[in-house]
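Chemist: Residue numbers (the working numbering): 733 to 1099.
Glycine included, C-beta positions come from ideal geometry on N, C-alpha and C.
The structure presented is a predicted model; accordingly, all values stated were derived computationally and were not measured.
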């Protein structure tokens, strides 16, 4: 409700400003045409009187009032876009406006040009845009990037799943994620809806997410921000991607589908599951260690064991040692579409029966 009132007030103010600007610009052009100063018509002044003068004034007023009305409709997006801009971009924008106006004045003075207001404004706008691109390019050259070309200090947007997951809090504490950690308001509202759900499992997940956010806010720099998409009916993932794209931010998630769709839209994504996968312990052929045989394998005489990260180990001739801890040697490691699979063989006849860890017992092979 407040947002709608603010938009209406902004529209009215922008239209009034447009009317005033239209009056002044119309007066300037009519007088310039009458004195022959417009477009270099010094020898051919155009005298405009009566209805024609009124029509020109009305034309300029209507044009500028319409531009003001359009600006009022987009004032929220402009405000949020500027507030979500990177600090370097904000500084570049301010400096480019100052530099563009100075360069415009220097060009007119150096070349002895007597340009009218419209052409002067266009020249200043072009120089401001050129200055902004130049300053941005210089900033990028002096800003530290990682080997993938991303800025470590970019804003990081957290999605609902990664908050409920909880691992992001521990990762942020280690300092591996740089830049401001941000939670859009619509993500917070979704967590609140989940925590109020009639389903006990969903309610527990929502409350866990809110508790994790509260702890993160106390221990680190975490900000909840308003976005233009908070009150718009739209899929949460779509809102998150649009907000991240508008502010040139990075999405932190563990959602595979969100990762793929955001990547297709050229949005930077940090996937915690990919990080966990990259940090899995590496097992190589020839490695020796102890493990417990958990169940029988599909093939004859095979036993199945697991690494700490859940990777399956197929142990030859271990079917009769279920529940025992045996000493094995890795023989082969296969990487498949489903994941990694490790094949091993029993290294020796020493093993620890289940429930007797630490005691070596001699096991005789069946002949």
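Using a threshold of 8 Å, state whether the C-beta atoms of residue 1062 and residue 1018 are closer than that.
Modeler: The answer is yes: Cβ separation under 8 Å.
Chemist: Among the residues of its own chain, which have a CB less than 6 Å from the CB of residue 747, if the five just before and after it don't count?
Modeler: 797, 800 and 801.
Chemist: May I have the straight-line CA-CA distance separating residue 1007 from residue 1042, to the nearest angstrom?
Modeler: Straight-line Cα distance between these residues: approximately 16 Å.
Chemist: Note down the Cα distance separating residue 803 from residue 749, rounded to an integer number of angstroms.
Modeler: Those two C-alpha atoms are separated by around 11 Å.
Chemist: Would you mind working out which of 937, 933 and 947 sits nearest residue 896, comparing C-alpha positions?
Modeler: The candidate whose alpha carbon is nearest that of residue 896 is 937.
Chemist: Rank 991, 909, 854 and 871 by C-alpha distance to the C-alpha of residue 891 and give the top, closest one.
Modeler: Comparing Cα positions, the closest option is 991.
Chemist: Between which residues of its own chain and residue 956 is the CB-CB distance below 7 Å, once the five residues before and five after are set aside?
Modeler: Excluding sequence neighbours, residue 956 sits near 915, 917 and 920.
Chemist: What do you reckon, are the CB atoms on residue 858 and residue 828 nearer than 8 Å?
Modeler: Not in contact: residue 858 and residue 828 (Cβ atoms no closer than 8 Å).
Chemist: Could you pull out every unbroken alpha helix (DSSP H) segment of at least 4 residues lying fully inside the region 859 to 938, listed in chain order?
Modeler: Counting whole runs of 4 or more residues, the region 859 to 938 contains the alpha helix (DSSP H) stretches 892 to 897, 899 to 906 and 917 to 927.
Chemist: Taking only three categories from DSSP, how would you classify residue 1061?
Modeler: Of the three classes helix, strand and coil, the one that applies to residue 1061 here is strand, per DSSP.
Chemist: Report yes if the C-beta distance between residue 984 and residue 1002 is below 8 Å; otherwise report no.
Modeler: Yes, they are a contact pair.
Chemist: Helix or strand or just coil, what does DSSP make of residue 1039?
Modeler: DSSP places residue 1039 in coil when its eight states are reduced to three.
Chemist: DSSP puts residue 1003 in a beta bridge; with which residues?
Modeler: 985.
Chemist: Which residue's Cα is closest to the Cα of residue 1039: 974, 929, 1074 and 1027?
Modeler: Comparing Cα positions, the closest option is 1074.
Chemist: Does the structure place the region 926 to 942 close enough to the region 971 to 980 that three or more beta carbon pairs sit under 8 Å?
Modeler: These segments do not touch.
Chemist: Measure from the alpha carbon of residue 999 to the alpha carbon of each residue in 1027, 949, 905 and 886, then state which is nearest.
Modeler: Residue 999 has its Cα closest to that of 886, out of 1027, 949, 905 and 886.
Chemist: For residue 753, collect the residues of the same chain with a Cβ closer than 7 Å to its Cβ; drop the 5 residues on either side in sequence, then sort them by chain order.
Modeler: Taken in chain order, the residues that qualify are 796.
Chemist: Any idea what DSSP makes of residue 1024, helix, strand or coil?
Modeler: Strand at residue 1024.
Chemist: Between the region 902 to 916 and the region 947 to 955, do at least 3 Cβ pairs fall closer than 8 Å?
Modeler: Touching, per the Cβ criterion.
Chemist: With distance defined between alpha-carbon atoms, name the residue in 1047, 841 and 785 nearest to residue 765.
Modeler: The shortest Cα separation from residue 765 among 1047, 841 and 785 belongs to 785.
Chemist: Based on Cα-Cα distance, which residue from 968, 867, 821 and 971 lies nearest to residue 832?
Modeler: With distances taken between Cα atoms, residue 832 lies closest to 867.
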